[in-house]
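For reference, the structure is listed below as structure tokens.
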């Protein structure tokens, strides 16, 4: 019954159709699924060995053996003078070359000044800013694990994430510094915090 439910609900019709069938008298979602038409099953194949497979009309993607930062920067010379990131509010922007240089400098600073390395975790608590990729790519280049923190979390929520991730460093905006500082105190962690100044 679960196989039929998955085939009918996930691949044939939107979930709304199943919900509509339930609300019109079907006893359960599985009963509703049996009432759905199965005409869109063309791309779905079921095998005992592999389960459900949705065949792509495109060629298979070959995996690359690169870290994220190396993958991003592999062809950046072609675009180094182009704008990579821009703040829609302030107009602050970085070219690909500036982004690359800044993230590399951040990586070196994390390794040398703060003695962070492979196995350490950095908490990045930033909204959608042009500096976000600098912090993220720099941390990855330094060999760190990145935990992204929602910038609208409360101090208690950030505290829990800092504890669970065992973060050793944090990046925040000037507007989020107070909440991060409070979260560090709650977590009883004395983390170095990098602050990105933004206009209120």
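Numbering (UniProt numbering), first residue to last: 1 to 200. From the three backbone atoms N, C-alpha and C, an ideal C-beta is built for every residue, glycine too.
Do you know offhand how far residue i's Cα is from residue j's?
{"i": "residue 72", "j": "residue 109", "result": "20 Å"}
{"i": "residue 100", "j": "residue 64", "result": "21 Å"}
{"i": "residue 115", "j": "residue 160", "result": "24 Å"}
{"i": "residue 82", "j": "residue 199", "result": "25 Å"}
{"i": "residue 89", "j": "residue 151", "result": "17 Å"}
{"i": "residue 69", "j": "residue 93", "result": "20 Å"}
{"i": "residue 59", "j": "residue 67", "result": "23 Å"}
{"i": "residue 131", "j": "residue 84", "result": "11 Å"}
{"i": "residue 176", "j": "residue 147", "result": "16 Å"}
{"i": "residue 53", "j": "residue 127", "result": "37 Å"}
Within 10 Å of its beta-carbon, does residue i have 16 or more other beta-carbons around it, so buried, or fewer, so exposed?
{"i": "residue 1", "result": "Because the pLDDT of residue 1 is 39, which lies under 50, any placement of that residue in the model is unreliable, and the number read from its coordinates should be weighed accordingly. Exposed."}
{"i": "residue 96", "result": "buried"}
{"i": "residue 154", "result": "exposed"}
{"i": "residue 162", "result": "buried"}
{"i": "residue 164", "result": "exposed"}
{"i": "residue 123", "result": "buried"}
{"i": "residue 105", "result": "exposed"}
{"i": "residue 179", "result": "buried"}
Since residue i and residue j should fall inside the 8 Å C-beta cutoff, what is the C-beta to C-beta distance between them, to a whole number of angstroms?
{"i": "residue 144", "j": "residue 166", "result": "Actually they do not touch by this definition, with Cβ atoms about 12 Å apart."}
{"i": "residue 201", "j": "residue 149", "result": "As displayed, the chain neither begins before 1 nor continues past 200, which places residue 201 out of reach and without an answer."}
{"i": "residue 125", "j": "residue 172", "result": "5 Å"}
{"i": "residue 87", "j": "residue 129", "result": "6 Å"}
Per DSSP, residue i is paired with what?
{"i": "residue 171", "result": "124 and 194"}
{"i": "residue 46", "result": "52"}
{"i": "residue 158", "result": "Answer by DSSP bridge pairing: none, since residue 158 is not bridged."}
{"i": "residue 86", "result": "93"}
{"i": "residue 148", "result": "124"}
Take residue i and list the residues in its own chain whose beta-carbon comes closer than 7 Å to its own, dropping the five residues that flank it on each side.
{"i": "residue 76", "result": "96 and 100"}
{"i": "residue 192", "result": "114 and 169"}
{"i": "residue 183", "result": "155, 158, 159 and 162"}
{"i": "residue 111", "result": "117 and 142"}
{"i": "residue 189", "result": "162"}
{"i": "residue 98", "result": "none"}
Under 6 Å Cβ to Cβ from residue i, same chain only, skipping five residues before and after it: list those, please.
{"i": "residue 102", "result": "134"}
{"i": "residue 107", "result": "138, 141 and 142"}
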